[in-house]
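For the record, in the sequence shown the residue sitting at position 93 is 93 according to the working numbering, with numbers rising by one throughout.
Below you'll find the structure, written out as structure tokens, and then a few comments.
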Amino acid sequence: MSESSPPAAAPPPVFDDAFRARLADLFAWRRDVRRFSREPVDEAALRTCLDLAALAPSVGNSQPWRFVRVSEPRRRAAVIASFERCNAAACATYADEQRALYARLKLAGLREAPVHLAVFCDSGTGAGHGLGRATMPEMLRYSVAACIHAFWLAARAHGLGVGWVSILEPTLVTDALDVPEGWDLVAYLCVGRPVEEHADPELVRHGWQERHPEAARLHER
1 MSESSPPAAA
11 PPPVFDDAFR
21 ARLADLFAWR
31 RDVRRFSREP
41 VDEAALRTCL
51 DLAALAPSVG
61 NSQPWRFVRV
71 SEPRRRAAVI
81 ASFERCNAAA
91 CATYADEQRA
101 LYARLKLAGL
111 REAPVHLAVF
121 CDSGTGAGHG
131 LGRATMPEML
141 RYSVAACIHA
151 FWLAARAHGL
161 GVGWVSILEP
171 TLVTDALDVP
181 EGWDLVAYLC
191 VGRPVEEHAD
201 PELVRHGWQE
211 RHPEAARLHE
221 R
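This is the structure:
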């Protein structure tokens with residue numbers, strides 16, 4: 001082989017029926033966790049999950065996700081206060097039995113989860129040189145969502161639960177975390193060991209919303 005010859009490509013892995021069955025289990029058992037153990041998360045496992053998440057696709061290979069671990073008590077307190085305000089306001093928009101059901105739901109594990117991760121989209125990134133987003137600039141945020149899902153699956157494979165908290169004030173959370181200008185909040189994640197395991201989503205189990213028949217439908221045109 002000459003010095004200018006590229007290295008031989010490694011053969012791709014073979015994903016057999018057994019692997020596909022295990023992969024299906026991973027997807028099925030990926031749950032939005034709200035009930036966490038306070039047991040500390042292994043740092044090596046967390047870093048591995050972040051490394052795997054960074055393999056997610058992104059528009060123009062822009063990789064716009066920015067993970068921020070929130071550890072300071074005062075910053076966590078600001079996030080919890082925002083959730084409690086927003087949750088109370090959301091509850092008030094429902095009536096009668098639905099309001100009572102909403103009030104009984106556990107919609108966040110902010111007080112118990114040992115790890116809080118705020119995930120931002122760096123809307124000003126120069127990576128990717130704008131490829132693929134001139135007509136759909138929202139592709140940057142979609143890329144971050146893909147990365148979050150990859151992290152979620154990796155975490156589940158490492159025995160960790162993840163809960164995505166969306167009942168928050170994005171501007172207040174962004175200000176509380178003092179991140180660079182141009183970072184837009186996409187997700188606030190609670191991460192830790194789940195204290196219970198269920199194959200069905202919590203909102204199904206507690207009667208809020210069943211699986212929607214349209215979710216897996218393939219529309220033809």
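From the three backbone atoms N, C-alpha and C, an ideal C-beta is built for every residue, glycine too.
Keep in mind that this is a model prediction, so the values were computed, not measured.
#1: Can you tell me whether DSSP reads Met-1 as helix, strand or coil?
#2: Which stretch, first to last residue, makes up the alpha helix (DSSP H) that contains His-149?
#3: Quick check: the region 172-187 against the region 86-99, are at least 3 beta-carbon pairs closer than 8 Å?
#4: Alpha carbons only, please: which of Glu-202, Glu-220, Glu-214 and Val-191 is nearest the one belonging to Arg-104?
#5: CB-CB under 8 Å to His-206, same chain, minus the five flanking residues each way: which ones, in chain order?
#6: Any beta carbon from chain D within less than 9 Å of Trp-183's own beta carbon?
#7: If we ignore side chains and look at the alpha-carbon of each, how far apart do Ala-81 and Ala-9 end up?
#8: Return helix, strand or coil for Trp-29, following the three-state DSSP convention.
#9: Out of curiosity, what's the CA-to-CA distance linking Glu-78 and Asn-87?
#10: The beta strand (DSSP E) spanning Phe-83 covers which residue range?
#11: Can you check whether the CB of Ser-37 is closer than 9 Å to the CB of Arg-193?
#12: Mind listing, in chain order, the continuous alpha helix (DSSP H) runs of no fewer than 4 residues lying wholly within the region 158-212?
#13: Indicate whether the contact test is met: 3 or more Cβ pairs, each with one atom in the region 40-54 and one in the region 145-153, closer than 8 Å.
#14: Could you check whether Ala-108 and Val-191 sit closer than 9 Å to each other, using their CB atoms as the reference points?
#15: Could you round the C-beta distance between Leu-140 and Val-195 to whole angstroms and report it? I think they count as a contact, below 8 Å.
#16: Below 9 Å between beta carbons: does that hold for Glu-210 and Trp-29?
#17: By DSSP's criteria, Ala-118 is part of a beta bridge. Which residues make up the other side?
#18: Please tell me whether Arg-74 and His-116 are closer than 9 Å, where the distance is taken between their beta carbons.
#19: Does DSSP put Phe-19 in a helix, a strand or coil?
In short, the structure shows the following:
#1: The residue you call residue 1 lines up with position 1 of the sequence shown. Low confidence applies here, because Met-1 scores a pLDDT of 48, under 50, leaving its location unreliable; read the following figure in that light. DSSP places Met-1 in coil when its eight states are reduced to three.
#2: Within the sequence shown, numbered from 1, the residue matching residue 149 stands at position 149. Its alpha helix (DSSP H) spans residues 139-157.
#3: no
#4: In the sequence shown, the residue the question calls residue 104 occupies position 104. For Arg-104, the nearest C-alpha among the options comes from Glu-202.
#5: Indexing the sequence shown from 1 puts residue 206 at position 206. Hits under 8 Å: Leu-101, Arg-104 and Leu-105.
#6: Chain labels in this structure do not include chain D; a single protein chain is all it has.
#7: The sequence position of residue 81 within the sequence shown is 81, counting from 1. The sequence position of residue 9 within the sequence shown is 9, counting from 1. For Ala-81 and Ala-9, the distance between alpha carbons rounds to 52 Å.
#8: Residue mapping note: residue 29 aligns to position 29 of the sequence shown, counting from 1. If DSSP states are grouped into helix, strand and coil, Trp-29 belongs with the helices.
#9: For the purposes of this step, residue 78 is identified with residue 78 of the sequence shown, where counting begins at 1. For the purposes of this step, residue 87 is identified with residue 87 of the sequence shown, where counting begins at 1. Here residue 78 turns out to be Ala, not Glu, going by the sequence shown. Cα to Cα, the separation comes out at about 14 Å.
#10: Position 83 of the sequence shown holds residue 83. That residue, Phe-83, is in no beta strand (DSSP E); its alpha helix (DSSP H) goes 73-92.
#11: Within the sequence shown, residue 193 is the residue found at index 193, counting from 1. Within the sequence shown, residue 37 is the residue found at index 37, counting from 1. Yes, they are a contact pair.
#12: 170-177 and 202-205
#13: yes
#14: In the sequence shown, counting from the first residue as 1, residue 191 sits at position 191. In the sequence shown, counting from the first residue as 1, residue 108 sits at position 108. No. Outside cutoff.
#15: Locating residue 140 in the sequence shown gives position 140, counting from the first residue. Locating residue 195 in the sequence shown gives position 195, counting from the first residue. Not confirmed; about 35 Å, so no contact.
#16: Your numbering for residue 210 matches position 210 in the sequence shown. Your numbering for residue 29 matches position 29 in the sequence shown. No, Cβ-Cβ distance for Glu-210 and Trp-29 is not below 9 Å.
#17: Numbered from 1 along the sequence shown, position 118 holds the residue referred to as residue 118. Answer by DSSP bridge pairing, in chain order: Val-68 and Tyr-188.
#18: Here the question's residue 74 lines up with position 74 in the sequence shown. Here the question's residue 116 lines up with position 116 in the sequence shown. It is not a contact, given that the beta carbons lie outside the stated cut-off.
#19: Numbered from 1 along the sequence shown, position 19 holds the residue referred to as residue 19. Three-state DSSP puts Phe-19 in a helix.
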